[in-house]
Every structure is written in C-alpha cells, then in structure tokens.
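Undergrad:
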Amino acid sequence: MAQKSFLNSEQWEQAQEVLTPPLMTPDGDVRQVFCFSTENFSNWLGARLEEIFKSSKEWEDCHPIILGSWAREELSPKSDIDVLFCGDEEKVKKFVDQVQEQGLKLRYRMPHNPEDWTENVEAFDILALLKARPWTPEGAKKLFEQQKKIWAKKKYYRRILLKAVKDERKNREKRFDSITNYLEPNIKYGPGGLRDLEQGLQIYELFAEKFTHPGHALNVLQYYRSYFLNLRQKLHLEGHGDILSNAIQFDLGKWMGFKTHKDFMRDLQRGLSRVHFYSDWIVDVAEASEKELKHIENLEFKKIEDLTSALHKNSSVLVQKKVRENLDALLPDKNVKTTARRRGAALEQVLSVKETDEVLVSVFRSRLIDKLVPEIRRLVGYVQHDQYHRFTADSHIMQACREVKRVYKKSSELGPLKFIHKNLSLEDWRILSWSCLYHDLAKGLESSEHHSDLGVTITERDFKSYGLSKTLTDEVKWMVQNHLELSQAAFRKNPKDPKVWQELRQKGVEGSRLYRLALFTAIDIRATNPEAWNEWKAKLLKELVISLESKKAQDYFDFQTLRLRKKLQIPSEVIEELGPVLLDSLSVKELVDDMKKAELSETSLKPRVYKNRKGEIWIRFHEKKDRQGILSDYVGQLYSLGLGIRNASIHTLSKVGVYDWFQVATSKNIQTLTKVLENAQVQSKPVPAVKFDAIQLVSADEKELVISFKGPDQAGLLASAARSLSDLGVSVKSARVHTWGRQVDDIFCVKADREPQELLASLRQRYQLD
C-alpha cells in the first residue's frame with residue numbers, strides 16, 4: 206500500500222477538520238450507520254484528486270475509468286489510486302508522466318484488448334469493472350458495453366471470481382494469521398477487515414439469488430463498512446498505515462468516544478469477528494449446491510444436543526450460521542437444572558480430545574460456546590497488551606482447547622516434554638481439556654482478587670450445575686487455581702532449589718497433578734503466544750519435572766515429613782546441609798531417628814559405625830556441646846586408626862549439638878572398630894605433611910566464610926586442613942568433603958571472626974602457596 210498521501214500539507218490540515226468522529230460511540234449491537242462521516246470525507250478526498258487530475262488537459266482525453274476504493278467512495282488519505290484508461294495511449298503516457306512527476310503514486314492500466322477488457326487480466330480486475338465509475342461520456346459508453354458482456358456471461362465469470370476470492374482469502378489468511386494480528390489488527394487486509402468485507406458484499410451481489418434471508422448479515426457488513434473505513438481514514442490522517450498498533454489504540458479509542466482503549470478494542474475485535482464470519486458465510490453460500498443449502502435450511506433444532514450433533518456432522522460455516530440463528534430460541538430452557546446438565550454433556554463431547562478440531566472451532570465461531578459457557582461472552586475481544594499475550598482472551602481459551610487436542614494426537618509437538626504423554630490416562634486428558642476451557646474465565650472481572658481464585662469459584666458453580674463428579678470438579682479447580690505455578694517455578698526460579706520443591710509440594714504438585722500441570726503449562730504458553738514456546742522452555746519444564754521426581758527431592762520431602770512427625774527441633778534447611786552423598790548412603794528414616802535420639806539425649810552419644818547396603822562404612826560422632834578443635838580431634842582419631850576419609854558431612858545443629866558423619870575406607874572389623882571408638886582407645890598419630898593445589902575463599906559475609914581446600918587425594922588431607930583451622934583459632938560451623946577419582950575438595954564453613962583475606966593468607970603461608 207502506498208504510504209505517501211496524495212494530499213499536500215495544506216490539504217492535510219484541512220482534512221483534520223473534515224473528518225469527524227462518530228456522532229455517538231459505536232455499538233455493534235445497535236447498528237446506526239448514519240453516525241459515521243466516512244462517505245462525506247471520501248467524497249472530499251475524491252474532490253482533491255479531481256483537482257490534481259483535472260489540472261492536466263490530457264485527463265479527460267484519456268477517458269479514465271475510476272476503480273477500487275475511489276469508485277466505491279471508500280477513499281482514505283493513503284489509499285491506492287486505481288484507474289483504467291481507455292483513451293489514446295500517447296496521451297495516457299503523457300498524463301501518467303505528469304502526475305508521477307508530482308510524486309503521486311498511480312496504479313493504472315489500459316485494456317490489452319479494447320474489445321474485451323477482461324483479456325489477460327486478473328479475476329479481481331474483472332470484479333473491479335462491475336463497480337467502476339467512468340469520467341467521460343465516451344468512457345461511460347465503453348464501460349457499459351464491457352459490463353454488459355460480463356453480465357451476459359455472469360455464470361462463467363462469477364465461478365472464476367468466486368475461485369479467485371477463495372484462493373486470495375486462503376493465502377491472505379495464512380499471511381495475516383499471525384499472532385500480532387489479534388491484538389494489532391490490520392484494518393484493511395486482516396481477518397474481518399475491509400478486504401473481507403468488500404469481498405463478502407461483492408460475492409453477494411453476484412450470487413444474490415442463492416440467498417434467502419441475508420438481511421442480518423448484510424446489515425452487519427454495511428455497518429462495519431462505515432465503522433472500519435472511519436477508523437482507516439483516521440489512522441491515515443494520524444500518519445499510520447493500516448495496522449492498528451498498540452500505541453495508536455488509546456488515541457483512536459478516545460476519538461471514537463469510548464471510555465477506555467480496552468472498551469474500544471473489545472468492540473473492534475467483536476466487529477472483526479462478525480465480519481470474518483459473515484463474509485465467510487456469504488462465500489460458502491455462493492459455492493454450495495442448491496441441495497446442500499436446502500438441507501441446511503431444513504435443519505430443525507429442538508434441544509441442545511441437536512446443535513452439537515449438527516456441528517459434529519457438518520462443522521461448516523453454513524451450519525454454524527444456522528446454529529447462530531437458533532441459539533436464542535433454544536437456550537435457556539424453562540427447566541434450568543435440565544438445561545445446565547445438557548450444557549455440561551454438550552461441553553463434554555466438544556472438549557473430548559478425540560473430538561475433531563473443526564468441531565471445537567465451529568462451536569466457538571457459531572457462538573454456541575457463549576450459551577454453553579456464558580462467562581466467555583464477556584471475554585470476546587478482551588485484550589491484554591504486554592510482551593507476552595498475543596490473543597484476545599476468548600481466542601486464547603479456544604486456542605488452549607485446540608492445543609490439548611493437538612498434543613494428544615501428536616506427542617512430538619511437546620518436544621522434550623513428550624515423555625509425559627505416556628504417563629497420562631484418558632481421565633487426565635479429560636481434566637486437562639476442562640482446565641483449558643476454565644482456567645482464564647475470570648479474566649477481566651472488576652475485582653481485586655486474582656483471576657485464578659475467581660476462576661475456582663466459577664468452576665465449582667458451573668460443574669455443580671453440570672452434574673459433574675466431585676473428583677473431576679476438585680481436580681479442575683486445582684488446575685485453575687495453580688495453572689501458573691510451574692511456569693513461575695521453571696522460568697523464574699531455580700528448579701533445583703529445595704525451597705521451590707517445597708512450595709510446589711505444599712500446593713499439591715506431585716504425581717499425576719505434576720504431569721498434568723507440566724503439560725498444561727506448555728499448552729497455555731503455546732495458546733498465549735506461539736512464539737514464546739521454544740526448545741529452551743521445554744527443557745526447563747522437563748528439568749523441573751525430573752528434579753521434582755528425583756531421589757534427592759524425594760529424600761527432601763521424606764525428611765520434612767519425618768521431621769514434623771518426630772517433632773525434630775531443627776530447621777528444614779538441614780537436609781540441604783547434610784548433602785546428597787550422605788543421603789544416598791543412609792535412609793532418611795535412619796538419619797531422622799538418629800538425629801532425634803541426639804536431640805533428646807542430655808549427654809553426648811557414643812560414636813556409631815554404620816555399614817550400608819553398598820558396603821560403605823560411615824562413622825557418626827556426636828557431642829552435645831561444641832568446642833574449638835573438635836573437628837580436628839575427630840579427624841585425628843580416624844587418621845590415627847588408619848582410616849581414609851572419602852566423604853564427610855559436618856554440622857553443629859541447634860538442640861542436637863555437633864553432628865558429624867564420615868565415610869571411611871577400611872578393612873577393619875565393624876564390631877572392633879565400634880568398640881575402639883566407643884572406648885576412645887586410639888593412640889594419637891602425628892598428622893603428616895600434605896600438599897594442597899589451592900586454598901580459596903568461596904564466599905564471605907558478616908556471619909560466615911566458606912573456604913575450599915583442593916588437592917590430590919593423600920593420607921591425612923582432611924586432618925591437616927582441620928588442624929590448620931584449629932591452630933588458627935577458627936571455629937568450624939560445618940564442612941563437606943568431596944572425593945572424586947584422585948582429587949579432593951574439602952569445603953569448610955567457619956565463623957567470620959577473622960578478616961577473610963588475612964585468614965586466607967595465613968592458610969596459604971602455612972602450606973607455602975603463593
């Protein structure tokens with residue numbers, strides 16, 4: 206489309222005064238076409254064009270035939286100017302050169318064959334001739350002769366034109382069926398825009414005899430013809446093209462008389478939807494056979510089931526139109542309870558993952574969905590402008606219901622999440638389908654409550670009226686309440702953080718609920734903004750699901766359960782401090798029982814030697830009161846017994862005291878080792894000189910320092926590190942020993958009662974590290 210207007214700067218200023226807003230705020234339910242000034246403004250623009258063209262003496266000699274928006278009195282400041290010339294070719298060329306030198310973009314053509322203007326032209330050029338307007342008497346005579354020829358072969362040409370319209374609409378729908386079109390519609394070429402509208406009216410004129418009751422549809426199209434043209438004219442005057450961007454919506458809504466831009470966009474979206482529907486209907490009627498039209502005309506509906514059954518058998522726009530016509534007469538039924546049960550049964554059928562996508566879409570397009578779920582009516586055209594939402598609220602709900610069918614039939618759509626597919630039963634899919642329909646029904650309500658909370662209330666009310674089971678009701682309510690939880694956890698939090706696990710578990714995210722919610726999260730994103738769903742997000746969701754089902758997470762949950770049951774007076778974070786190695790080696794129950802025993806004991810427990818199923822040996826030391834150098838003493842004992850320390854989990858816990866576990870390598874008899882440790886029959890052995898590769902400060906704050914000792918595995922390594930800290934008067938709060946292969950990393954958390962760099966320097970000097 207030409208972006209430069211044919212108006213000069215002075216005329217542009219005048220145009221601002223000529224184009225006036227509607228006499229009253231547009232209301233699609235009360236179609237008053239006279240409230241728009243589009244025709245007057247179009248004529249004013251046409252007069253400006255005439256001034257330009259008539260200034261050339263060749264203009265009339267070219268015998269121009271006005272085409273397109275100028276001929277239809279639908280001019281906008283940036284409209285393309287389409288003209289067919291049937292005069293002398295040399296004069297036409299001279300005229301065109303003159304206007305192009307003035308910067309005017311003119312789309313023109315001359316007949317390839319003066320006797321047949323339809324030769325070698327596109328079907329739409331033939332269609333344009335039927336609405337053309339001649340400038341001169343000679344041009345009028347020639348145009349009339351051509352129009353007579355076209356009408357004489359009406360049946361032939363209209364078949365060509367109908368095919369061209371259908372192909373163009375199909376291609377345009379692909380081009381404009383983008384996510385941005387929903388919230389920033391193209392008022393000319395987008396679905397339901399002026400091009401759809403124009404084609405609907407033109408096809409109706411060509412096939413008028415096939416329409417028995419077109420009144421309502423034509424009224425809708427005529428009303429929105431004026432409405433949308435008024436918008437387009439104002440858009441152009443504001444310096445924009447045909448796209449109704451977010452930025453201009455606020456000003457246009459105010460100019461149109463709406464209280465808010467959301468009211469404006471909601472009304473506009475409803476209009477686009479209506480135009481799209483009725484123009485589609487006109488095209489389908491034109492294409493349908495007399496037999497098919499008669500069959501649909503004779504359809505009778507006596508109950509709700511008849512409506513859904515008809516759409517199930519034939520989901521075409523023709524049947525959708527018939528359903529629309531019968532909605533008010535059929536619903537609601539006098540027996541409110543019976544009607545509700547029937548609505549629930551109808552929804553059950555439509556939402557089934559085994560039902561076709563076409564039937565689902567037909568239920569929405571026919572507006573049967575408004576009668577089955579009245580809450581949706583409020584969401585038609587409801588927009589949320591942000592970087593994420595790309596559909597109106599009602600379109601989003603429909604897209605979600607469609608997505609669940611797609612992923613059910615094709616698990617590969619889920620990418621990395623496809624493993625969940627096999628874990629879901631048919632009942633899970635049923636819950637998912639209902640959740641897709643109900644999860645956002647509370648959007649747009651004027652309330653301070655979160656839409657998820659209000660959605661639960663709506664779900665409970667409706668499901669009760671539908672007569673659905675309590676189990677299904679509870680599960681869908683839970684999904685509606687928590688449908689955003691996994692998204693926040695996977696994309697905004699650390700999926701491996703036990704605190705995140707605990708938050709989700711407290712909300713009930715486990716088992717089949719976890720699978721359903723993960724799958725719903727993917728569906729919701731895809732239905733909100735297809736471009737927002739990608740491999741990376743799929744992997745993050747998968748990582749969260751796997752993390753929540755891991756042994757580490759299960760140990761964490763078991764620990765919390767047992768901690769509360771045993772009334773263990775220690776914080777829940779202790780499970781993280783114990784470390785995965787210890788938890789993999791001892792059962793959570795054994796650990797909690799042992800810690801509870803230490804907590805209840807008034808004195809220190811004797812050392813415990815434990816051998817797990819893997820044959821690993823672990824030794825636990827306990828002291829009711831902590832003291833400086835105690836870790837060095839423990840490690841010294843183990844070293845003196847010739848025990849190699851492979852891993853360690855060292856802590857001082859409130860109410861429990863010093864609680865340290867060491868995994869050791871030994872060939873000694875368990876009973877003998879236990880007896881020696883219990884009786885403290887250990888001869889002290891000097892700690893050998895060891896070599897560390899690095900001593901580093903991992904982190905530091907006002908309360909604690911974390912120091913790492915790294916080096917090759919060697920006898921006395923931990924004993925040496927512990928002794929060095931003890932000798933420097935450092936109090937160890939906790940420690941973790943990691944051994945892999947021939948490398949060791951001993952990490953100590955110590956009290957921050959020394960300057961970090963000073964302590965680090967002392968340790969490095971002790972081991973002669975630069």
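By my numbering, the letter at position 190 of the sequence shown is numbered 395, and the numbering carries on one by one without gaps.
Each residue gets a CB set at the ideal place from its N, CA and C atoms; glycine is no exception.
Can you list, in chain order, the residues of its chain with a C-beta nearer than 8 angstroms to that of D906? Leave out the 5 residues immediately preceding and following it.
TA: Excluding sequence neighbours, D906 sits near A957.
Undergrad: Assuming contact is defined by CB atoms lying nearer than 9 angstroms, are S657 and L691 in contact in what I supplied?
TA: No.
Undergrad: Taking K336 as the reference, give the member of N325, P342, Q351 and T877 with the closest Cα.
TA: Looking at the Cα atoms, Q351 is the closest of the given residues.
Undergrad: Which ranges would you report for the alpha helix (DSSP H) in the stretch 502-588 if only whole runs of at least 4 residues count?
TA: With a minimum length of 4 residues, the continuous alpha helix (DSSP H) runs that stay inside the stretch 502-588 are 509-518, 522-535, 541-556, 562-570 and 573-577.
Undergrad: Go to K938, then tell me how far its beta strand (DSSP E) extends in each direction, as first and last residue.
TA: That run of the beta strand (DSSP E) goes V937 to W945.
Undergrad: Identify, in the order they occur along the chain, each residue of the same chain with its Cβ nearer than 7 angstroms to the Cβ of N699, setting aside the five sequence neighbours on each side.
TA: Taken in chain order, the residues that qualify are V705.
Undergrad: Take the Cβ of N503 as the centre, count every other Cβ of all protein chains shown within 10 Å, and call the residue buried at 16 or more, exposed below.
TA: The residue in question, N503, is exposed, as its Cβ has fewer than 16 Cβ neighbours within 10 Å.
Undergrad: Secondary structure at K811, three-state DSSP: helix, strand or coil?
TA: Coil, per DSSP.
Undergrad: Which runs of the alpha helix (DSSP H), 4 residues or longer, sit entirely within the stretch 630-666?
TA: Complete alpha helix (DSSP H) runs here, min 4: 631-643.
Undergrad: Taking one C-beta from the stretch 453-466 and one from the stretch 250-266 each time, how about it: are there three or more such pairs within less than 8 angstroms?
TA: The stretch 453-466, when compared against the stretch 250-266, does not touch it at the 8 angstroms Cβ threshold.
Undergrad: For chain B, is any of its Cβ atoms less than 9 angstroms away from the one on E497?
TA: Reference to chain B is not applicable here, since this structure consists of a single protein chain.
Undergrad: From G397 to I581, what distance separates their C-alpha atoms?
TA: Answer to the nearest angstrom: the Cα atoms are 20 angstroms apart.
Undergrad: Roughly how many angstroms lie between the CA atoms of K860 and M800, to the nearest whole one?
TA: Answer to the nearest angstrom: the Cα atoms are 10 angstroms apart.
Undergrad: In or out: E740 buried (at least 16 other Cβ within 10 Å) or exposed?
TA: When all chains shown are included, E740 counts as exposed.
Undergrad: Quick one: grab the DSSP three-state call for D266.
TA: Looking at D266 - three-state DSSP - the assignment turns out to be helix.
Undergrad: Taking only three categories from DSSP, how would you classify F455?
TA: DSSP places F455 in helix when its eight states are reduced to three.
Undergrad: In the DSSP output, what is H688 paired with across the bridge?
TA: DSSP, once it has assigned bridges, lists no residue as partnering H688.
Undergrad: For S214, tell me which candidate among W275, I392 and G444 has the shortest Cα-Cα distance.
TA: Nearest of W275, I392 and G444 to S214, Cα basis: G444.
Undergrad: If you run the structure through DSSP and keep just helix, strand and coil, what is G233?
TA: In the structure shown, G233 sits in coil (DSSP, three-state: anything other than H, G, I, E or B).
Undergrad: Of all the options V578, K623, L556 and L843, which has the alpha carbon lying nearest to the alpha carbon of A605?
TA: If we check each option's Cα against that of A605, L556 comes out closest.
Undergrad: Could you give the residue range of the beta strand (DSSP E) that holds C954?
TA: Run containing C954: Q948 to K956, per the beta strand (DSSP E) assignment.
Undergrad: Between K747 and R721, what straight-line distance do the alpha-carbon atoms span, to the nearest angstrom?
TA: The straight-line gap from Cα to Cα measures roughly 13 angstroms.
Undergrad: In this structure, how does DSSP classify L311 when only helix, strand and coil are distinguished?
TA: If DSSP states are grouped into helix, strand and coil, L311 belongs with the strands.
Undergrad: If distances are taken between C-alpha atoms only, which option among A328, H317, N391 and S261 comes closest to K299?
TA: It is S261 whose Cα lies nearest to the Cα of K299.
Undergrad: If you follow the beta strand (DSSP E) that I392 is part of, which residue opens it and which one closes it?
TA: No beta strand (DSSP E) holds I392; DSSP gives it neither H nor E.
Undergrad: So, with DSSP's three-state summary, where would you put L254?
TA: In this structure, L254 counts as helix in the three-state DSSP scheme.
Undergrad: Have a look at L646 and W322 and give me their C-alpha separation to the nearest angstrom.
TA: Taking the straight line joining both Cα atoms gives about 55 angstroms.
Undergrad: Return the residue from the list I855, P735, Q774 and E754 that minimises the CA-CA distance to V786.
TA: Comparing Cα positions, the closest option is I855.
Undergrad: If contact is defined by three or more beta carbon pairs under 8 angstroms, each pair taking one atom from either stretch, is the stretch 834-846 in contact with the stretch 896-904?
TA: No: fewer than three Cβ pairs fall under 8 angstroms.
Undergrad: Buried or exposed: R437, going by 16 or more other Cβ atoms within 10 Å of its Cβ?
TA: Classification for R437: buried.
Undergrad: Determine, using beta-carbon pairs with one atom in the stretch 429-436 and one in the stretch 609-617, whether at least three such pairs fall under 8 angstroms.
TA: In short, these stretches do not touch, since the Cβ pair count stays below three.
Undergrad: With a threshold of 8 angstroms on Cβ separation, who are the neighbours of S210 within its own chain once the five nearest residues in sequence on each side are excluded?
TA: Excluding residues within five positions, the ones whose Cβ falls inside 8 angstroms are W217, P282, K283 and H441.
Undergrad: Measuring straight from C-alpha to C-alpha, what distance separates T385 and R697?
TA: Low confidence applies to T385: its pLDDT is 47, below 50, so where it sits in the model is not reliable, and the reading given next is rough at best. So the two alpha carbons sit approximately 25 angstroms from each other.
Undergrad: Which whole-angstrom value describes the C-beta separation of K623 and S616, a residue pair presumed to lie in contact below a C-beta threshold of 8 angstroms?
TA: Yes, they are in contact, since the Cβ atoms of K623 and S616 sit about 4 angstroms apart, within 8 angstroms.
Undergrad: Output yes or no for whether 9 angstroms exceeds the beta carbon distance between A727 and Y844.
TA: No, the Cβ-Cβ distance between A727 and Y844 is not below 9 angstroms.
Undergrad: Grouping DSSP H, G and I as helix and E and B as strand, with all else coil, what is L846?
TA: Residue state, collapsed to three classes: coil.
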